[in-house]
Amino acid sequence: MQDWRQHLARLREWAAKLPKILWVAAAVILVSLGAVLWLEMSGPPYAVLSEGLSPADGGKVIAQLQKLGIPYQLQAAGNIILVPAPQLAQARLQLGQAQVPGSDVQTAWSQLENAPMTASDLAQSTMAMQALQLSLQQSIQSMSGIRSAQVFLAMPPDTPFLADQPKPTGSVVIDADAATAQAQGEAIANLVAGAVPGLAANSVTVETTSGVTVFPVSGAMATGAQLATQAQVEAQATARIAGLLIPLVGAGNFQANVSANLDFTQEHIHQIAYGPGHLVEHQTSSQSTQYGSHNAAIGIPGALSNEPPSPTTASASAAPAQPTTGSSTGGSSPSAPQQPSQSNSNLDQSYVVDQSENDITNPDWSVKSVAVSVVVNKAALGNAVTVDQVKAAIAGAFAYPNVTVNVLEASFQKPATGIASAPLVAAANPLTRALLEVMAAAALLFGLALPVGRRLANVNIQELLPPPPPRPIPVVLPPRDFSELRDQAAENIPGVARLLQSWVEENE
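With the first letter of the sequence shown counted as 1, position 503 gets the number 503 in UniProt numbering; the numbers rise by one all the way through.
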């Protein structure tokens, strides 16, 4: 009980020694802190009115809010505009009525619609082209991954002869990542070509702000695209190795380097294969048989031989003797004459041969070989995992044709640990910034002002100042004697009166 009383008494004595100016400063800080807290706690919450506007559009919104008397706040370097939540709907409706910030596309089409009748054809075509370019820019910027876009169209004038009519062309400049630009290049070209009559997709050039042409794709990939593809393959391989080694040795206990050898040779193959099987597609069969009488005309029509054959009879005397074998037989009757006959048979068949055609186009690139070098911390590797196991795990993670893995075991040096300062002030809300400002003011007051004040209190300022110069001795003048003047005035009273009258007239 005595200890805290003694400390309290010492604290009172220390506080009594402080000058009054310090108490005044502390009171000002407390009042400021209280005012900031009251303003932050009593004010309405702020909601996002607009986000991601250009500097020109953001300036229009702020100017209109100032005219309407609506308070606002800016965050993220002016990219986010906040207004009080109860006034959010009112602000949106009033900004919409005033057409703020407005759309360049709507403005361009409105200018075209409201063009005077005296406008020339060239002026109207120019305004129409500008409106079309702005519409295409807005459509392209709405695509995923496209930050900004610019569209340029070259529309040649019409000629009387269609054969001599030049074709329109277009160019598009986009701001996007390399992978996004490669994926969206063809879609952007088709979009622009579909919006302009007579414009082919191959006549549209799509480039990025870094100078890489993403459409039309040439026969071979550009050097920049090849390097980007190689870097992407190496980065994916490094990430895959990290995913394998982190559970084994932990993060920061290995260093991996991957070198990929890619083949950018392009090849197109057209194959036609004929199979052994076949199918009957069409079949026609015809057959005719004719049996005529003895007098029927047989043969070629109109020919002399086209006569019926005469009947033949066998003479008994001219008949040759028939040989007998064994026993003799009775006489046989002569054979019947052969009747004329004709038979035709036709068969016509069409076959479908088993045929297949294939168009084979190899990918734009393929991985020929990969070389992997890994350095593992010896202390983290331990006895449970060996270098050969690490090498086998890395080699089995890739399905490329040739994978070369080299694993080195070494001792790592501990890097110097440093505290990374986070941008607290930029990410803090207004209340936190106010608290930080008050803390900074208190630190300056108690860390700088108080020690300096104490030292100045112990310093005798009069000793530091030069001695003042000696004052001159005042001279005492004797009082003047006006007795003679009084006597003269008493003797000449009218003269004194005239003197006073003239003096008064001059002063008036």
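All C-beta atoms in this analysis are idealised placements derived from N, C-alpha and C, irrespective of residue type, glycine included.
Note down, in chain order, each residue of its chain lying with its Cβ closer than 7 Å to the Cβ of residue i, except the 5 sequence neighbours on either side.
| i | result |
| --- | --- |
| Val196 | Leu153, Pro168, Gly170 |
| Ile419 | Note that Ile419 has pLDDT 43, beneath the 50 cutoff, so the model's placement of it is unreliable and no number is given. |
| Pro44 | Pro84, Ala85, Pro86 |
| Pro401 | Lys368, Ser369 |
| Phe254 | Leu245, Val374, Val375, Val376, Asn377 |
| Ala442 | Ile29 |
| Gly52 | Asn79 |
| Gly58 | Gly78, Ile81 |
By alpha-carbon positions, which one of the options ends up nearest to residue i?
| i | options | result |
| --- | --- | --- |
| Gly96 | Pro116, Asn79, Pro84, Leu68 | Leu68 |
| Asn377 | Val407, Thr208, Gln138 | Val407 |
| Ile62 | Ile80, Pro45, Ser120 | Ile80 |
| Glu207 | Ala200, Leu199, Pro216 | Pro216 |
| Leu88 | Gln99, Pro71, Ala98, Ala76 | Pro71 |
| Asn202 | Gly211, Gly185, Ser210 | Gly185 |
| Gln266 | Asn492, Gln90, Thr361, Pro469 | Thr361 |
| Leu245 | Ile394, Tyr400, Gln413 | Ile394 |
| Ala235 | Gln226, Gln141, Asn257, Val212 | Asn257 |
| Asp348 | Asp388, Gln226, Ser286 | Ser286 |
| Gln141 | Ser345, Ile188, Val24 | Ile188 |
| Val24 | Gly52, Asp121, Leu445, Val403 | Leu445 |
| Leu93 | Pro55, Leu49, Gln413 | Leu49 |
| Ala237 | Ala76, Ala181, Val405, Ala26 | Val405 |
| Leu122 | Asp158, Phe412, Met143, Pro494 | Asp158 |
Identify, in the order they occur along the chain, each residue of the same chain with its Cβ nearer than 6 Å to the Cβ of residue i, setting aside the five sequence neighbours on each side.
| i | result |
| --- | --- |
| Val438 | Leu33 |
| Gln271 | Asn358 |
| Val151 | Gln133, Leu136, Gln137, Val172 |
Indicate whether residue i and residue j have their beta-carbon atoms separated by less than 7 Å.
| i | j | result |
| --- | --- | --- |
| Val105 | Leu134 | yes |
| Ala397 | Arg147 | no |
| Ala115 | Gln130 | no |
| Ala260 | Val370 | yes |
| Leu381 | Val249 | yes |
| Gln64 | Ala98 | yes |
| Ala410 | Val375 | yes |
| Leu262 | Val367 | yes |
| Val100 | Ala91 | no |
| Ser356 | Ala251 | no |
| Ala176 | Gly145 | yes |
| Tyr46 | Gln66 | no |
| Ala128 | Ala178 | no |
| Pro434 | Val31 | With the sequence shown as reference, residue 434 is identified as Ala, and Pro is not the correct amino acid for it. The answer is no: Cβ separation not under 7 Å. |
| Val214 | Ala181 | yes |
Assign residue i to one of three DSSP states: helix, strand, or coil.
| i | result |
| --- | --- |
| Lys67 | helix |
| Ile241 | helix |
| residue 509 | In the structure displayed, the chain extends from 1 to 508; residue 509 sits before or after that span and is not available. |
| Ala489 | helix |
| Gly331 | A caution first: Gly331 carries a pLDDT of 47, below 50, which makes its placement in the model unreliable, though a value can still be read off. Residue state, collapsed to three classes: coil. |
| Thr417 | Note that Thr417 scores a pLDDT of 49, beneath 50, so its modelled location is shaky and nothing firm can be said. |
| Val173 | strand |
| Ser142 | coil |
| His7 | helix |
| Asp481 | coil |
| Asn402 | strand |
| Val100 | coil |
| Gln322 | Because Gln322 sits at a pLDDT of 47, beneath the cut-off of 50, its placement in the model cannot be relied upon, and the point is left open. |
| Asn190 | helix |
| Thr229 | helix |
| Ser54 | coil |
| Ala410 | strand |
| Asn344 | strand |
| Ser120 | coil |
| Asp158 | coil |
In terms of DSSP beta bridges, what is residue i paired with?
| i | result |
| --- | --- |
| Gly34 | Paired residue(s): none; Gly34 is not in a bridge. |
| Pro84 | Tyr46 |
| Ala256 | Val374 |
| Ile269 | Ile360 |
| Ala261 | First, the amino acid is wrong: residue 261 is Asn here, not Ala. Note: Asn261 sits in a beta bridge opposite Ser369. |
| Thr208 | Ile174 |
| Asn202 | Per DSSP, none; premise fails for Asn202. |
| Leu153 | Gly170 |
| Ala28 | Correcting the residue type first, residue 28 is Val in the shown sequence and not Ala. Answer by DSSP bridge pairing: none, since Val28 is not bridged. |
| Phe215 | Val206 |
Counting only the same chain and skipping the five closest in sequence on each side, list residues whose C-beta sits under 8 Å from that of residue i.
| i | result |
| --- | --- |
| Ala193 | Gly170, Leu199, Ala200, Ala201, Ser203, Val204 |
| Gln6 | none |
| His268 | Asp359, Ile360, Thr361, Asn362 |
| Trp365 | Met221, Gln226, Thr229, Leu262, Asp263, Phe264 |
| Trp4 | none |
| Val496 | Ala489 |
| Asn346 | Thr284, Ser285, Ser286, Gln287 |
Taking only heavy atoms of the ligand PLP into account, decide whether any of them is closer than 6 Å to the Cβ of residue i.
| i | result |
| --- | --- |
| Val217 | Among the components of this structure there are no ligands whatsoever, and the ligand PLP is therefore not found. |
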